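Numbering follows the numbering used here, in which position 74 of the sequence shown is assigned residue number 988; successive positions increment by one, without gaps. Don't be surprised by glycine CBs; every beta carbon is placed ideally from N, CA and C. These numbers come from a predicted model, not from an experiment. To keep things clear, I will list the structure first and then write my remarks on it.
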Amino acid sequence: MSLTGPYDPDNIFAKIIRGEMPAVKVYEDDRVLAFMDVFPQAEGHLLVISKASQARNLLEAEPEVLEDLALATQRLARAATRALQCDGITISQFNGTAAGQTVFHLHFHVIPRWADRPLAGHASGKMEDPVVLTGLADRIAAAL
Ligand code: AMP
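Put into structure tokens, the structure is as follows:
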């Protein structure tokens, strides 16, 4: 069901875009915003969203929005790799509740990976300290 339906303008990410909810930002321009995931699956886990689109998922996204997000995701992934010296990086994206999506505003996950560190669960587990997230965001932003 959640794969179709109207966009909820009061979803968490829409509120972050409007400045109604806090976020630890890594990068922002007029079309794209990247910020730290508060329930990180690994150190440096960040999210990349469109500020212009009301696509809830990849299936609904406009071509120019996909281009913006793909380029920003690549740039953020490169910066995270440089900043954190990770061994790999997972890019993930979920469409619909059945696929694991929990926030219905299109987004890409950028998740640094290390050979000796297991991945935490998706959208679960412990909320990270904002001070820790800010330190990571600053390091990644400096590597952009
Ligand atoms: P998904 O399940 O693919 O829709 O991903 C949503 C992601 O948003 C999850 O990884 C959550 O941990 C993350 N998340 C939820 N609320 C917030 C928030 N207020 N700030 C940052 N990340 C969030």
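Check, Outcome
"Element boundaries [beta strand (DSSP E), containing residue 948]", "946-950"
"Status (buried if at least 16 other CB within 10 Å, exposed otherwise) for residue 937", "buried"
"Limits of the unbroken beta strand (DSSP E) element including residue 1053", "Not the beta strand (DSSP E): residue 1053 falls in the alpha helix (DSSP H), residues 1044-1056."
"Proximity below 9 angstroms, CB of residue 1047 to CB of residue 946", "no"
"Euclidean distance between Cα positions of residue 942 and residue 948", "6 angstroms"
"Contacts around residue 982, its chain only, beta-carbon distance under 7 angstroms, and the 5 residues preceding and following it disregarded", "945, 946 and 964"
"The alpha helix (DSSP H) enclosing residue 977, as first and last residue numbers", "977-998"
"Proximity test, residue 951 beta-carbon vs the ligand AMP heavy atom, cut-off 8 angstroms", "yes"
"Assigned secondary structure, residue 942 (DSSP; H/G/I helix, E/B strand, else coil)", "strand"
"Buried or exposed by the 16-neighbour rule on C-beta atoms within 10 Å, applied to residue 1002", "exposed"
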